[in-house]
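K.L.:
First, the structure itself, so that you have it in front of you.
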């Protein structure tokens, strides 16, 4: 696999000295996933391939219409054995659970592993922003974070993958052949900060290999 796979913020007060919790039996603690156009189908396929015992938390930014209530958690819940929930202020990352950014809110991961939501300005014309999610995950989990960029238009995530790489994390992008819309993954790939470019059907197995099997070696 190596070489081929190879500003008003809603939050709860952090306690001094709290640090991002570690996931037992995992080489990585959190997988941050970004998607836009075509993303709900791609996310469902990806999550379907993760085992119920997947030992890392998953946080998701999917660009959604802010005018409507999101049913995304309900849709994805039918596709995966993992627990799925729309993120709320103060939620604590839990291994094997998927947290989805609500419409029109940026999702941030704090240093103690809790979640914050913000309605600060749009980034790359979108809110929620994959860039902000990736940057917060990189700051909180450093080399124990994985970023995944799936199908989508635009360039959201292309700045954030640089933060993930700078802190020693790992970046995966969907290849253009399997992406319904290749703009977002292509923008990430063009930064030179992507470790693995994979078809959609290989991303879940790659995550299992990175998160679970690497820990056993």
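Residue numbers (the numbering used here): 1323 to 1539.
A virtual CB, placed ideally from N, CA and C, is assigned to each residue, including glycine.
Only a predicted model underlies this, so the values are computations on that prediction, with no experimental measurement involved.
1) Please work out which residues of its chain come closer than 6 Å, Cβ to Cβ, to residue 1329, disregarding the five sequence neighbours upstream and downstream, and give them in chain order.
2) Expressed to the nearest angstrom, what Euclidean distance is found between the alpha-carbon atoms of residue 1349 and residue 1428?
3) What is the DSSP secondary structure of residue 1423, counted as helix, strand or coil?
4) In chain order, what residues of the same chain have a beta carbon less than 8 Å from the beta carbon of residue 1503, not counting five sequence neighbours either side?
5) Do residue 1387 and residue 1463 have their CB atoms nearer than 8 Å?
6) Among the residues of its own chain, which have a CB less than 8 Å from the CB of residue 1413, if the five just before and after it don't count?
7) Could you tell me which residues DSSP puts in a beta bridge with residue 1518?
8) According to DSSP, simplified to helix, strand and coil, what is residue 1356?
9) Tell me where the alpha helix (DSSP H) around residue 1470 begins and ends.
P.N.:
Quick answer:
1) Note that residue 1329 scores a pLDDT of 40, beneath 50, so its modelled location is shaky; the value from the coordinates is reported in the next line. When the five nearest sequence neighbours on each side are left out, the beta carbons in the same chain lying within less than 6 Å of the beta carbon of residue 1329 are those of 1442, in order along the chain.
2) If you take the alpha carbons of residue 1349 and residue 1428, they lie about 27 Å apart.
3) In the three-state scheme derived from DSSP, where H, G and I count as helix and E and B as strand, residue 1423 is classed as coil.
4) Excluding five sequence positions before and after residue 1503, the CB atoms of its chain that fall closer than 8 Å to its own CB belong to 1358, 1359, 1360, 1473, 1474, 1475, given in chain order.
5) At a Cβ-Cβ threshold of 8 Å, residue 1387 and residue 1463 do not count as neighbours.
6) These residues qualify, in order along the chain: 1407, 1421, 1436, 1437.
7) DSSP lists 1494 as partners of residue 1518.
8) Judged by DSSP in its simplified three-state form, residue 1356 adopts strand.
9) Residue 1470 -> not in any alpha helix (DSSP H); beta strand (DSSP E) instead, spanning 1467-1471.
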